[in-house]
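full-length UniProt numbering puts the sequence shown at residues 1 to 316.
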Amino acid sequence: MENTALYYRQFGEPESVLKAETAAKAPLNPGQLRVQMLLAPVNASDLIPITGAYRHRITLPAIAGYEGVGRVIAAPDDATHLIGKRVLPLRGEGTWQQIVDCPAALAIPVPDAIPSPLAARAFINPLAAQLMLKLYPPRGKRVLLTAAGSDCAILLGQWAHRLGARKVFGIHRSPVHAARLQAMGIVPIAQHDSATVQAVAADSDIVYDATGGELAQMILSAMPGTGEFICYGLLSGQPFTLQPHYPPMRWFHIRNYLDALSPQAWQAEFQAIWPKMAESQYSNTTRLPFAAWQAAVADYRQAGRSHKPLLTMSNG
1 MENTALYYRQ
11 FGEPESVLKA
21 ETAAKAPLNP
31 GQLRVQMLLA
41 PVNASDLIPI
51 TGAYRHRITL
61 PAIAGYEGVG
71 RVIAAPDDAT
81 HLIGKRVLPL
91 RGEGTWQQIV
101 DCPAALAIPV
111 PDAIPSPLAA
121 RAFINPLAAQ
131 LMLKLYPPRG
141 KRVLLTAAGS
151 DCAILLGQWA
161 HRLGARKVFG
171 IHRSPVHAAR
181 LQAMGIVPIA
191 QHDSATVQAV
201 AADSDIVYDA
211 TGGELAQMIL
221 SAMPGTGEFI
231 CYGLLSGQPF
241 TLQPHYPPMR
251 WFHIRNYLDA
261 LSPQAWQAEF
271 QAIWPKMAES
281 QYSNTTRLPF
291 AAWQAAVADY
301 RQAGRSHKPL
311 LTMSNG
């Protein structure tokens, strides 16, 4: 069985180092499912590792992509009931390839009612949002989000409301996000409006930050000492400096929590995610052929983008 995968054999910008390579797929290992991919999204979490930001935990060559949805085409004897079913083939091989092998115990069955474009995006952002809200509950608090137009932030905002947040504010860079944030119950704040950002930060109990850099510095300097600042990304590419008078700052990286989840607990997280995703507003998608992955990456990088590019696999 031939398989085409997007490999990187050195670190660098994805457009330069990713190469499509076609080769025979190795025999399926015991305890693994073989999944024919249908759709895989383009996320910051897919692109940043390719640059070498996490080179200490990546062995080259590597296949890009961390999430997506596909259909099971081969399975071990105790998982044959999954053949023909859609699953999320997670925590195995990279998902930017036509055929993915993954541990059967960690593959997530997709409910029939969940459409594939939604299922393809059910891991990175929904699980991060769900875990952060468990670890740092928003009930009764005034919540501030950065990068509020991003998929993770819009879920954080909607789910914080459901968990009893007093009010949710969202800082956005592009004005195209303001109306849809408002429709989700998230009060939009333009990032360039420094006075409003500082005023809201001064009255915020908890901040979920994905940007770092100058914006994080501004918010931390304005927040009350009783607040809590959760940093889960550095989309700006810039660090920030902590000061003794700042409120407590917590780093959140989803990978730090995965090993502690048993297969049963892992599956349970998604049982909780599916109904919430089905009831939430989420960004629209644009589908591009797998062979046009460069266009999908360029689409992802567009300023003010309000949709998620999805790679459509050629054999799906």
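Even glycine gets a Cβ: it sits at the ideal position worked out from N, Cα and C.
Under 8 Å between C-beta atoms of residue i and residue j
i: Leu88; j: Ala44; result: no
i: Pro266; j: Ile114; result: Before going further, note that residue 266 is Trp rather than Pro in the sequence given. Contact: no.
i: Ala119; j: Val69; result: yes
i: Gly94; j: Ala53; result: no
i: Leu133; j: Leu90; result: no
i: Ile83; j: Lys25; result: no
i: Leu261; j: Ala40; result: no
i: Leu38; j: Ser116; result: yes
i: Gly185; j: Val168; result: yes
i: residue 368; j: Gly149; result: No statement about residue 368 is possible, as the shown extent of the chain runs from 1 to 316 and does not include it.
i: Leu135; j: Ala79; result: no
i: Tyr300; j: Val42; result: yes
i: Ala129; j: Trp159; result: yes
i: Phe240; j: Ala216; result: yes
i: Ala75; j: Leu6; result: no
Option nearest residue i by Cα separation, candidates the options
i: Leu127; options: Leu145, Leu156, Thr146 and Ile99; result: Leu156
i: Trp293; options: Val17, Glu214, Met132 and Ser174; result: Val17
i: Ser194; options: Arg255, Met218 and Gln238; result: Met218
i: Ser204; options: Val143, Arg173, Arg287 and Gln158; result: Val143
i: Asn3; options: Asp78, Asp101, Glu67 and Ile58; result: Asp101
i: Gly225; options: Gly213, Thr211, His172 and Gln243; result: Gln243
i: Asn125; options: Asp151, Val110, Asn256 and Asn284; result: Asp151
i: Glu15; options: Gly170, Ala183, Ala5 and Ile50; result: Ile50
i: Gly304; options: Met249, Gln191 and Lys276; result: Gln191
i: Leu288; options: Trp96, Ala74, Arg86 and Ser221; result: Trp96
Span of the beta strand (DSSP E), counted from its first residue to its last, around residue i
i: Asn256; result: Segment Arg255 to Leu258 is the alpha helix (DSSP H) holding Asn256; no beta strand (DSSP E) there.
i: Leu144; result: Arg142 to Leu145
i: Ile171; result: Lys167 to His172
i: Ile230; result: Glu228 to Cys231
i: Leu18; result: Leu18 to Ala24
i: Ala74; result: Val69 to Ala74
Exposed unless 16 or more other CB atoms sit within 10 angstroms - verdict on residue i
i: Trp251; result: exposed
i: Val176; result: exposed
i: residue 367; result: Outside the modelled stretch of the chain, which goes from 1 to 316, sits residue 367, for which no answer is possible.
i: Glu13; result: exposed
i: Ala291; result: exposed
i: Lys308; result: buried
i: Asn315; result: Any reading at Asn315 needs caution, since the residue's pLDDT is 48, under 50, leaving its predicted position unreliable; the model's value is listed next. Result: exposed.
i: Tyr8; result: buried
i: Gln10; result: exposed
Whole-Å CB distance - residue i paired with residue j, under 8 Å assumed
i: Met223; j: Ala199; result: Between Ala199 and Met223 the Cβ distance is about 11 Å, and since that is not below 8 Å, they are no contact.
i: Val207; j: Ile189; result: At roughly 12 Å, the Cβ-Cβ gap does not stay under 8 Å, so Val207 and Ile189 are not in contact.
i: Pro263; j: Leu106; result: 6 Å
i: Gly92; j: Pro103; result: 6 Å
i: Leu145; j: Gly170; result: 4 Å
First and last residue of the uninterrupted alpha helix (DSSP H) at residue i
i: Trp274; result: Pro263 to Glu279
i: Arg180; result: Ala178 to Ala183
i: Asn125; result: Ile124 to Leu135
i: Ala195; result: Ser194 to Ala202
i: Ala160; result: Asp151 to Arg162
i: Glu214; result: Gly213 to Ala222
Contact test: residue i Cβ vs the ligand FMN heavy atom, cutoff 7 Å
i: His161; result: No copy of the ligand FMN appears in this structure; indeed no ligand is present at all.
Any chain B beta carbon closer than 8 Å to residue i
i: Pro117; result: As a matter of chain content, chain B is missing from the structure shown, which is built from one protein chain.
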